[in-house]
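Here the structure is laid out as structure tokens; the discussion comes afterwards.
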Amino acid sequence: MGDAGPGSAAGPAEDGLLSRMALNDNKAGMEGLDREKINKIILEASKGSRFYENELKKERQVNQRVEKMLQQKGRVAEEHLRTAQVQVDKMISELERSRELSRVIVHVDMDAFYAAVEMRDRPELKDQPMAVGSMSMLSTSNYHARRFGVRAAMPGFIAKKLCPNLVIVPLNFDKYKAVSSQVREVFSDYDQNFLPMSLDEAYLDITAHLEMRRNWPECQRSYRLPEAGEKEESLSPVLFDESPGTTSSFQDPPGRVEVFGTTAEEAVREMRFRIEHKTSLTASAGIAPNMMLAKVCSDKNKPNGQYRIPPERREVMDFILDLPVRKVPGIGKVTEKMLAALGINCCSQLGQKMALLSLLFSETSWHHFLQISLGLGSTHIVRNSERKSMSTERTFGEMSVAEEQLTLCKELCEDLAQELLKEGLKGKTVTLKVKNVKFEVKTRALTLPYSVSSANEIYTSARDLLRAELDHVSPEPLRLRLMGVRVSGFASVDEKRPQQRSIMGFLQLQQAELAGGGAKDFTSLHTDSVLTHSPPCTSAPVSLMPHPLTCPVCFKDMETSDLTAFNMHIDECLKCSAAQKGDEGSLSGSRVLETVTAGELQPAGEKDKPGDVSVTSGVCGHTPLVCPVCGQMQETADLTTFNHHVDECLNHNVLLELRETGIQTVHEGTVSTHTLTWFPNTQDTRSSPPPPSKKAKAAAPKNTIDRFFR
DNA sequence: GGGGGAAGGACCA
DNA sequence: TTCCTGGTCCTTCCCCC
1 MGDAGPGSAA GPAEDGLLSR MALNDNKAGM EGLDREKINK IILEASKGSR FYENELKKER
61 QVNQRVEKML QQKGRVAEEH LRTAQVQVDK MISELERSRE LSRVIVHVDM DAFYAAVEMR
121 DRPELKDQPM AVGSMSMLST SNYHARRFGV RAAMPGFIAK KLCPNLVIVP LNFDKYKAVS
181 SQVREVFSDY DQNFLPMSLD EAYLDITAHL EMRRNWPECQ RSYRLPEAGE KEESLSPVLF
241 DESPGTTSSF QDPPGRVEVF GTTAEEAVRE MRFRIEHKTS LTASAGIAPN MMLAKVCSDK
301 NKPNGQYRIP PERREVMDFI LDLPVRKVPG IGKVTEKMLA ALGINCCSQL GQKMALLSLL
361 FSETSWHHFL QISLGLGSTH IVRNSERKSM STERTFGEMS VAEEQLTLCK ELCEDLAQEL
421 LKEGLKGKTV TLKVKNVKFE VKTRALTLPY SVSSANEIYT SARDLLRAEL DHVSPEPLRL
481 RLMGVRVSGF ASVDEKRPQQ RSIMGFLQLQ QAELAGGGAK DFTSLHTDSV LTHSPPCTSA
541 PVSLMPHPLT CPVCFKDMET SDLTAFNMHI DECLKCSAAQ KGDEGSLSGS RVLETVTAGE
601 LQPAGEKDKP GDVSVTSGVC GHTPLVCPVC GQMQETADLT TFNHHVDECL NHNVLLELRE
661 TGIQTVHEGT VSTHTLTWFP NTQDTRSSPP PPSKKAKAAA PKNTIDRFFR
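Note that UniProt numbering numbers the first sequence so that position 602 is 602, with each residue one more than the last.
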């Protein structure tokens, strides 16, 4: 290796390289490390490799961007700045007017998640530096390892050079998923609509929970620590010597009762307490009026701690004042470098130079910066946002034989097709991604005039793209180290939305509404594996089960609240209905109504939910016809008129959630015991396919492969 | 000039 | 000896209408 280590007389590119490759200690547990020593080891381990060469190249590109930006800055006149400042000020006052501080948003992040799970399961690892991953790449490391500079996204072989005693444990996703679902059970008690960001991280809006919590008796906020012998795993992993946050609750004496208060801090402390007792793992949390701040806060007292920004403008601005821009989600190493070149390192400087930024950056970018400088962020957690693409990729040792590459491409398409099938997705754009042995990444895409999802269809496009790439380098071989296939351009919600929504979605949402949004069910508290409420609540349990249960087929109120019995009744009713109907000619277009499960019921006639609707009408062939929405008997026997009434009723009275799973087309003559007949409203034009877009008409003939590789 | 596809890149966990 | 995977969003370039 060369002798141009950090601090030596390296050229500008090499100095710059350090910012890309050097230790990123912007992570909990990595403060006060000997950066120079660590960087020297990293550099020596990397230098001369193809990866290093490619990083050097990328660094030069970033440096050029910075150069260009500084040249632009040199051309900015005072007059331009004054005009820009007027625009910025106007925007600030608009943003200030819309500032929302009433939501209580929480970001929860499990501490060193994968590593913590492995340490929990293998106590001998607790006192050693360890990381999860492989010699190629580490996913995370424990806090002992972080002291050596070992961190996530670092190749294992370099980590070993930093810390020769490092134990590398392979990834075990099934295990992490299982733990994650335990954690999510706890989350859902505070916000049923929490937004998971990954296995170990989620956003919650606990505003509604706090409102209810204010009136809860103490018993509902109390947890008794298990007696000796009650616990399976008695100790939490020793992850942290000096946690800035709370001490481990496992140190508390068994049998003691922990009572939590009604404030946001107390609710979050309780949540973390329950997570720890359920999983033996600790979590950190941030509480703030918006998602951006909550995310930054959760890192503040990591590990095993929490931090809250009170919902006041002054508090928010104080917090933002010295916050390094790199701590803000969305600002990575490149943006950090660009801003640093302008003398901007913390968020308050961002605000001071906003006029300049508005002249040098795109509108999207500077608007984002402006929001950050004001401590603004999203106050509403949007779940179920539509997936935009799906892909699969594989890294391997050098592969240069075309036949092997085509075979691999086919395998990738098959894998991808299976995943698409699981989610019922079809897309128009197929993208091939290749990374050559020099770490150069290329993507080649082809947009078709129709949507594809099968392995063969995807492969047809991917193969053409790969062949074009092979031709492009011919007669040299294509030397690859990664290949991936992606499908995107899925039909939008409007296009793929079934004509009518599932009645199950209808029931589910009504149930959620009934529960008060994020309501805490007494019984759910007892599902925690270790904790129990103590003293036991004596007040009557809040039942979330709507009464009476009404059969959606015969519309009779049931005397039972037992779901199995209720489902059996529906099955019988459906059989009877199918037998009575005889003529199944009108069945095409029917929908399947799955057996009802807990949490999907609604009381008959519950209807005063405003909003947009289009719902599968659960109507059987019985007469008289009874509207399942308003519960009223209809005078007509004409199904079109009846369906029209149901549609009208739904359109005006209910708010629904689309729930597509479980909706299937029932083919003629295949009425199962779980099938409700639905008579499609022939007047309804909502299912008409959208007119072909201009691009669809234009795309096909133009997007020839040749165009990509001139 | 606007819309949209392609390609590449930043960023995230 | 060895530097991931899967996703979203943004920017830039280019073509076509």
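We treat Cβ as the ideally placed atom computed from N, Cα and C, and that holds for glycine.
Rounded straight-line distance, which links the Cα of residue j to that of residue i
i              : j              : result
methionine 101 : alanine 294    : The sequence as given places leucine at residue 101; methionine does not occur at that position. Between leucine 101 and alanine 294, the C-alpha separation is close to 12 Å.
serine 226     : valine 296     : Before going further, note that residue 226 is proline rather than serine in the sequence given. So the alpha carbons of these two residues sit roughly 34 Å apart.
serine 348     : isoleucine 320 : 7 Å
valine 104     : isoleucine 275 : 20 Å
arginine 20    : aspartate 111  : 25 Å
lysine 47      : isoleucine 168 : 23 Å
methionine 212 : proline 123    : 40 Å
valine 88      : serine 362     : 14 Å
glutamine 85   : alanine 145    : 47 Å
valine 334     : arginine 326   : 10 Å
valine 437     : isoleucine 92  : 48 Å
serine 136     : proline 217    : 53 Å
glutamate 53   : serine 134     : 23 Å
tyrosine 114   : alanine 208    : 31 Å
asparagine 345 : threonine 429  : 40 Å
arginine 463   : glutamate 414  : 13 Å
valine 106     : leucine 470    : 50 Å
glycine 156    : lysine 57      : 23 Å
glutamine 306  : serine 180     : 20 Å
asparagine 651 : serine 188     : At asparagine 651, the pLDDT of 36 sits below 50, so the modelled position is not reliable; the number obtained from the coordinates is stated separately. If you take the alpha carbons of asparagine 651 and serine 188, they lie about 30 Å apart.
alanine 152    : leucine 33     : 16 Å
glutamate 440  : leucine 480    : 10 Å
Residue from the options with nearest C-alpha to residue i
i              : options                        : result
asparagine 172 : Pro164, Gln192, Leu199, Gly261 : Leu199
proline 303    : Asp109, Ser93, Ile92, Gly48    : Asp109
alanine 445    : Asn436, Val452, Leu465         : Leu465
alanine 285    : Glu414, Thr460, Ala202, Pro449 : Ala202
serine 488     : Ala264, Ser461, Leu421, Gly427 : Gly427
threonine 447  : Val179, Ile458, Ala116         : Ile458
valine 473     : Val401, Val430, Ser453, Glu414 : Val401
valine 452     : Val441, Met390, Lys435, Lys442 : Met390
valine 257     : Arg224, Ala267, Val268, Leu281 : Arg224
leucine 95     : Ile381, Ser141, Gln371, Glu59  : Gln371
asparagine 165 : Ala153, Ser188, Ser141, Met130 : Met130
proline 170    : Val179, Arg214, Phe187, Met119 : Met119
glutamine 192  : Thr460, Ile381, Phe490, Asn456 : Ile381
lysine 410     : Phe369, Gln64, Ser461, Lys353  : Ser461
threonine 311  : Ala153, Gln405, Pro289         : Note that residue 311 is proline in the sequence shown, not threonine. Of the listed residues, the one whose Cα sits closest to proline 311 is Pro289.
Limits of the unbroken beta strand (DSSP E) element including residue i
i              : result
glutamine 306  : 306-308
methionine 338 : Counting along the chain, methionine 338 falls outside any beta strand (DSSP E), though it belongs to the alpha helix (DSSP H) covering 333-341.
leucine 432    : 427-436
threonine 263  : Counting along the chain, threonine 263 falls outside any beta strand (DSSP E), and DSSP gives it neither H nor E.
serine 109     : Note that residue 109 is aspartate in the sequence shown here, rather than serine. Where aspartate 109 is concerned, the enclosing beta strand (DSSP E) stretches over 105-110.
alanine 283    : 283-288
arginine 224   : 222-224
Beta-carbon proximity check, residue i vs residue j, cutoff 8 Å
i              : j              : result
methionine 271 : tyrosine 176   : no
valine 485     : leucine 425    : no
alanine 264    : isoleucine 309 : no
threonine 279  : valine 132     : no
leucine 138    : glycine 149    : no
methionine 291 : glycine 377    : yes
leucine 350    : serine 373     : yes
threonine 395  : leucine 416    : no
valine 117     : leucine 356    : no
methionine 483 : lysine 433     : yes
valine 316     : isoleucine 287 : no
valine 259     : arginine 221   : yes
Unbroken alpha helix (DSSP H) run spanning residue i, endpoints
i              : result
valine 179     : 173-188
valine 328     : That residue, valine 328, is in no alpha helix (DSSP H); it is neither H nor E in DSSP.
alanine 115    : 113-121
serine 358     : 354-360
glutamate 457  : 455-473
serine 365     : 363-373
serine 93      : 78-97
alanine 159    : 156-162
methionine 317 : 313-321
| At least 3 beta-carbon pairs within less than 8 Å: the segment 336-353 vs the segment 69-82 | yes
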